[in-house]
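Residues in the sequence shown are numbered from 696 upward in steps of one, following the working numbering. For glycine and all other residues, C-beta sits at the position ideal for the given N, C-alpha and C. Data first, discussion second: the structure below is written as structure tokens.
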Amino acid sequence: MKSLTNKMNVAMVAAAMLFTSGVALANETGPAIEMTAGITKAPDVIRKEMKVSGYQLVKVNGNFKVYLKQGDEQKIVVEGDENLVPEVKHFIVDNTLNIYTSDQVKRRITLWVTLKDINNLNKFGNVRVIREQ
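Below is the structure:
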């Protein structure tokens, strides 16, 4: 009986350590999966449209999948986990649209970039570009 109690105590301590290390890791890297009462839930995927104008060049830096499309209206649509979409930043300098995230963002974010005319695209980091017709 004493041996069974010791085994149960060891198992409970091991389970607590495993859970605690998982919580510490999640806090360190950011919540990829939310846990609620033993049920796991992936973050919701959302889309956000950003209207921009006045650019001819595009520079993208980060972990993105970029769909480029020529159209009458210049805009950016960002799709990703709800906690990552606000991390996508952009600004325009000298006719160049700069799109980026911080180095803390590790998961891929999808962009749809619509522009009237593009002369150049520069990419930095883990960026995959797909041209749409």
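- For Gly757, the enclosing beta strand (DSSP E) stretches over residues 752-765.
- Closest option to Gly766, judged by alpha-carbon separation, among Asn778, Gln751, Glu774: Gln751.
- Here the alpha carbons of Asn758 and Ser797 stand approximately 10 Å from one another.
- In the structure shown, the three-state DSSP call for Val780 is helix.
- Beta-bridge analysis with DSSP links Gly749 to no other residue.
- Non-local C-beta neighbours of Arg802 in its own chain, meaning closer than 8 Å and more than five positions away in sequence, comprise Ala727, Asn758, Gly775, Asp776, Leu779, ordered along the chain.
- One thing to note: Glu827 has its Cβ no nearer than 8 Å to the Cβ of Val800.
- Around the beta carbon of Val740, a 10 Å sphere encloses fewer than 16 other beta carbons of the protein chains shown; the residue is thus reported as exposed.
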